[in-house]
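*Asks:*
2 protein chains.
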Amino acid sequence: MNTTQFSIGQLAKQVKCKVETVHYYEKSGLMPEPPRTEGGHRIYALSHIKRLNFIRRCRELGFSIKQIRELLKFIDEPDHYCGEVKAMAMLQAREVQQKIDDLTRLKLALNEMVGQCKGSGYSIDDCPIIDALYIENNQLS
Amino acid sequence: MNTTQFSIGQLAKQVKCKVETVHYYEKSGLMPEPPRTEGGHRIYALSHIKRLNFIRRCRELGFSIKQIRELLKFIDEPDHYCGEVKAMAMLQAREVQQKIDDLTRLKLALNEMVGQCKGSGYSIDDCPIIDALYIENNQLS
DNA sequence: TCTTGAACCTGTAGTTACTATAGATTCTAT
DNA sequence: ATAGAATCTATAGTAACTACAGGTTCAAGA
Chain A
1 MNTTQFSIGQ LAKQVKCKVE TVHYYEKSGL MPEPPRTEGG HRIYALSHIK
51 RLNFIRRCRE LGFSIKQIRE LLKFIDEPDH YCGEVKAMAM LQAREVQQKI
101 DDLTRLKLAL NEMVGQCKGS GYSIDDCPII DALYIENNQL S
Chain D
1001 MNTTQFSIGQ LAKQVKCKVE TVHYYEKSGL MPEPPRTEGG HRIYALSHIK
1051 RLNFIRRCRE LGFSIKQIRE LLKFIDEPDH YCGEVKAMAM LQAREVQQKI
1101 DDLTRLKLAL NEMVGQCKGS GYSIDDCPII DALYIENNQL S
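Heads up: the protein sequence lines correspond to chains A and D, in order.
Quick note on this note's numbering: the first sequence kicks off at 1 and runs consecutively.
Quick note on this note's numbering: the second sequence kicks off at 1001 and runs consecutively.
1) Note down, in chain order, every chain A residue with its Cβ under 8 Å from the Cβ of E1070 of chain D.
2) First and last residue of the alpha helix (DSSP H) that includes A1012 of chain D?
3) Quick one: is L140 of chain A buried, meaning 16 or more other Cβ sit within 10 Å of its Cβ, or exposed?
4) Would you call the CB atoms of S82 of chain A and L71 of chain A closer than 8 Å?
5) Which whole-angstrom value describes the C-beta separation of L1011 of chain D and H1048 of chain D, a residue pair presumed to lie in contact below a C-beta threshold of 8 Å?
6) Flag this pair as yes or no: are the beta carbons of M1031 of chain D and A89 of chain A separated by less than 8 Å?
7) Going by DSSP, name the residue or residues bridged to R1057 of chain D.
8) In the stretch 89 to 112 of chain A, which residues sit with their C-beta less than 7 Å from some C-beta in chain D, listed in chain order?
9) Whole angstroms is fine: what's the gap from G121 of chain A's alpha carbon to E1095 of chain D's?
10) Name, please, each residue of chain A whose Cβ falls closer than 8 Å to the Cβ of L1061 of chain D.
11) Would R1036 of chain D be called buried (16 or more neighbouring beta carbons within 10 Å of its own) or exposed?
12) Which runs of the alpha helix (DSSP H) at least 4 residues long sit entirely within the stretch 1062 to 1107 of chain D? Give them in chain order.
13) Taking 8 Å as the CB-CB cut-off, is E1136 of chain D touching chain A?
14) Output yes if chain A places a C-beta closer than 8 Å to the C-beta of K1013 of chain D; else output no.
15) State yes or no: is the C-beta of I142 of chain A within less than 8 Å of the C-beta of S28 of chain A?
16) Can you check DSSP and say which residues form a bridge with R42 of chain A?
17) Please go through the same chain and pick out, in chain order, the residues whose beta-carbon is closer than 7 Å to the beta-carbon of N1053 of chain D, but skip the five residues on each side of it.
18) Cβ of L1103 of chain D within 8 Å of Cβ of L61 of chain A?
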């Protein structure tokens, strides 16, 4: 009868998140309502650790709660196909690449500024940082 | 007397954000309190468009309001000592680099997962993306 | 067994960066 | 002059947590 069980605190510790976060995920419908002790304390099993870990990893990867609910549907209702999961991951990857590109430009601008800084400040009209980011707008208009 | 002026609506439209967001940035101290008409409507100039655009771009890049306030100090208080400005710019650049690194890892993880997934060939039970995120946990226990 | 004190419970409030709504006022174009 | 679009202020709602408050339960030591 050694079916390993966990308190919410142990669960949270395993996955390195806060107890309140687990509560929140339960309220949000990502984590199920687990069985309780006589006194009302939540009892978790290994599968819950797996699930919570999945949720946390997805959050780190930039998925929203809503998106994760979608992903979990694939697990909970296995009538879905893997292709949907793949599509979501690809979309996410594209957005991440976009952010990387933008940040790279910003970093170049910052470095440029460091190089150009000679003690006199820039006015709003010729600040290399502002200009670096303003380009975006010119292209649009 | 053709100093181009803009209403808050025109400003927002230019930068593709909501009027309320401009209000919010004013309250947050990112946008200045502009001159008003007799009746109290805000009047903006070109420099405000530039500034708002900069703020929006920075937000897209993951900077917090607080960080953007720091960045804007470069422009608003150009009397900083050169060394001070350089230090701030370099610190920002380091943070940006950190973000780039994080996002790069994230993208690799996503791409790896996508690459391992054929798409629509099989059901959720053997979807490598789901597996990839579950595995993480096994390593911990 | 009895008793602390840590962990847990529910519920509400605070956080960030907006977004939406309400009700009043102002601007603009016919 | 007047309709209606845009603006004004102020407040409430959103996402994804985080942090209390104030009570109850659990586990370990005396």
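Virtual Cβ for every residue (Gly too), placed ideally from N, Cα, C.
*Replies:* The relevant details are as follows:
1) Taking a Cβ-Cβ threshold of 8 Å, none of the residues of chain A is close to E1070 of chain D; the smallest such distance is about 12 Å.
2) In the DSSP annotation of this structure, the continuous segment of the alpha helix (DSSP H) that includes A1012 of chain D starts and ends at I1008 to V1015.
3) Because L140 of chain A carries a pLDDT of 32, less than 50, the predicted location of this residue cannot be relied on, and no value is offered for it.
4) Checking the sequence shown, residue 82 of chain A turns out to be Cys, not Ser. Cβ atoms of C82 of chain A and L71 of chain A: not closer than 8 Å.
5) 6 Å
6) no
7) DSSP lists no partner for R1057 of chain D.
8) Within the stretch 89 to 112 of chain A, the residues whose Cβ lies closer than 7 Å to some Cβ of chain D are A89, M90, Q92, A93, V96, Q97, K99, I100, D102, L103, T104, L106, K107, L110 and N111, listed in chain order.
9) The predicted model places G121 of chain A with a pLDDT of 48, which falls under 50 and marks its position as unreliable; any figure quoted below should be read in that light. The straight-line gap from Cα to Cα measures roughly 22 Å.
10) K99, D102, L103 and L106
11) exposed
12) 1065 to 1076
13) With a pLDDT of 48 at E1136 of chain D, under the threshold of 50, the modelled position of that residue is not reliable, and no figure is offered here.
14) In terms of beta-carbon proximity, K1013 of chain D stays away from the interface with chain A, with every pair separated by 8 Å or more.
15) Nothing in the structure corresponds to residue 142 of chain A, since chain A is present only between 1 and 141.
16) A:R36
17) V1015
18) no
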